[in-house]
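Trainee:
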Amino acid sequence: MNKVSTAIKNIAINIENNVFTNYDQFVVVDDLQQTNINILQYCNKMAQELLKTVDSVYSIVTPDEKKTIILNDTGRYIISFVAIDNIELLDLGFSLGSIFAVYDKTIEGDSLVASCYVTYGPTFQLVYATKEKGVEFYSFDGEKFIDAKSFMLENKGKINSTDGDVATFDKKHKELIQGLFDEGYRLRLSNSLSLDTHQILFKRGGLYSSPKTQKDPNGRLNVVFEAYPIAFIVELAGGEAIDGSNNILDIKINGDITKKTPIYFGSKYEIGKVKAS
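Just so we're aligned, residue 152 is where the sequence shown starts under the working numbering, counting upward by one.
(1) Check whether the segment 367-384 and the segment 398-416 touch, using three or more Cβ-Cβ pairs below 8 Å as the test.
(2) Given a cut-off of 7 Å, decide if V208 and N195 are closer than it, judged by their beta-carbon atoms.
(3) How would you label I190, buried or exposed, when you count the other beta carbons within 10 angstroms and need 16 or more for buried?
(4) Under the DSSP definition of a beta bridge, which residues are partnered with C194?
(5) Could you compute how far the alpha carbon of I166 sits from the alpha carbon of G285?
(6) On the DSSP bridge list, what partners appear for Y289?
(7) When you compare only the Cα positions, how much space is there between E421 and R371?
(8) Going along the chain, which residues of its own chain have a beta-carbon closer than 7 Å to the beta-carbon of T299, five neighbours each way excluded?
(9) How is V180 classed by DSSP in three states: helix, strand or coil?
(10) Please name the residue in C267, E216, T186, A163 whose C-alpha comes closest to that of E239.
(11) Are the beta-carbon atoms belonging to D236 and I258 less than 7 Å from one another?
(12) What residue range does the alpha helix (DSSP H) around G330 cover?
(13) In angstroms, rounded to a whole number, what distance separates the CA positions of F353 and D314?
(14) Counting only the same chain and skipping the five closest in sequence on each side, list residues whose C-beta sits under 8 Å from that of V179.
(15) Indicate, with yes or no, if the ligand ATP has a heavy atom lying under 6 Å from the CB of Q184.
(16) Below 7 Å between beta carbons: does that hold for G389 and L304?
(17) With which residues is G357 paired in a DSSP beta bridge?
(18) Using a Cβ-Cβ cutoff of less than 7 Å, which residues in the same chain neighbour N311 once the five nearest sequence positions on both sides are dropped?
(19) What's the C-alpha gap between Q316 and D347?
In structure tokens, the structure reads:
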């Protein structure tokens, strides 16, 4: 697993140096869609090349290609990889991130052995979680990632991050988020899952919510690429992640890597309020 984590760190450094620092090399004038395609193709190919050097990695799967690409026939780990979380905001200069998950032989929540997200831009940092070591935070010193101490969420926070179109929220969800604001919670939302997770973890608590709506009755977040890895990190940090009532990591995808879910994650106090609503 050390070689897997090293490869993930090298992928993150490559994206920081060659995408966020040198964005212009990918630009197709007056064609943002093709620019984003160029970036994703570069990131996915680069990640495949670096992960292929790790014998224990069997395959990689991305939301862009929607299929498993075998890297080493004798490997055991399947890596899910979101190269740029909400790439539509990249040309605006926003801080964005990457999301990784490491699955042992099968892609299900109970097969996760490691999870990671990265934040790029002014705060180039990496959070890596395993059951053995918990949640570890790394900052970049210009050449390499420097290990910092792990951390845990407090029982109650002050961040209220709710994603989606407010006009589509049902009465129950509107009452939930308004109740948190009435308790003094502050709105924080970046429209990047990795950055919003970072806010809650580093403020030591709060609630992120992305509910089901009439527009998205099955929820908006992809289970494999987003919900599973973030839930894994949050739980190891002492929080909870649910779909409204059930644990995210208990969701079964049964081979459907496009499956989506509503999600609520954060401190135990806030999740308790979600369950009671």
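Virtual Cβ for every residue (Gly too), placed ideally from N, Cα, C.
Mentor: Checking against the coordinates, here is how it stands:
(1) Three or more pairs of CB atoms, one per stretch, sit closer than 8 Å, so the segment 367-384 contacts the segment 398-416.
(2) In the sequence shown, the residue the question calls residue 195 occupies position 44. In the sequence shown, the residue the question calls residue 208 occupies position 57. Contact flag unset, no.
(3) Taking the sequence shown and counting its residues from 1, the one referred to as residue 190 is at position 39. Buried is the call here.
(4) Within the sequence shown, residue 194 is the residue found at index 43, counting from 1. Beta-bridge pairing links C194 to no other residue.
(5) By 1-based counting over the sequence shown, the position of residue 166 is 15. By 1-based counting over the sequence shown, the position of residue 285 is 134. Cα to Cα, the separation comes out at about 25 Å.
(6) On the sequence shown, position 138 is the one that residue 289 refers to. Beta-bridge pairing by DSSP links Y289 to L277, D298.
(7) One-based indexing of the sequence shown puts residue 421 at position 270. One-based indexing of the sequence shown puts residue 371 at position 220. When only Cα atoms are considered, E421 and R371 end up about 20 Å apart.
(8) Taking the sequence shown and counting its residues from 1, one reaches residue 299 at position 148. The sequence given here has Ala at residue 299, not Thr. Excluding sequence positions up to five before and after A299, its CB lies within less than 7 Å of the CB of F288, Y289, S290, all in the same chain and listed in chain order.
(9) Start at 1 with the first residue of the sequence shown, and residue 180 comes out as number 29. Residue state, collapsed to three classes: coil.
(10) Along the sequence shown, one-based indexing puts residue 239 at 88. Checked all of C267, E216, T186, A163; the closest Cα to E239 is T186.
(11) The residue given as residue 236 occupies position 85 in the sequence shown. The residue given as residue 258 occupies position 107 in the sequence shown. Contact flag unset, no.
(12) By one-based count along the sequence shown, residue 330 stands at place 179. Where G330 is concerned, the enclosing alpha helix (DSSP H) stretches over 322-333.
(13) On the sequence shown, residue 353 is found 202 positions in, with the first residue counted as 1. On the sequence shown, residue 314 is found 163 positions in, with the first residue counted as 1. When rounded, the separation of the alpha-carbon atoms in F353 and D314 is 19 Å.
(14) The count along the sequence shown starts at 1 and reaches residue 179 at position 28. Only Q185, T186, N189 meet the Cβ criterion.
(15) Looking at this structure, you won't find the ligand ATP or any other ligand, since it has none at all.
(16) Within the sequence shown, residue 389 is the residue found at index 238, counting from 1. Within the sequence shown, residue 304 is the residue found at index 153, counting from 1. In this structure, G389 places its C-beta atom within 7 Å of the C-beta atom of L304.
(17) Position 206 of the sequence shown holds residue 357. I310, per the DSSP bridge assignment.
(18) Counting from 1 along the sequence shown, the entry for residue 311 is found at position 160. Closer than 7 Å at the Cβ level, and outside the excluded window around N311, lie I328, L331, F332, Y336, R337, L338, G357, L358.
(19) Here the question's residue 316 lines up with position 165 in the sequence shown. Here the question's residue 347 lines up with position 196 in the sequence shown. The sequence as given places Asp at residue 316; Gln does not occur at that position. Their Cα atoms are separated by approximately 16 Å.
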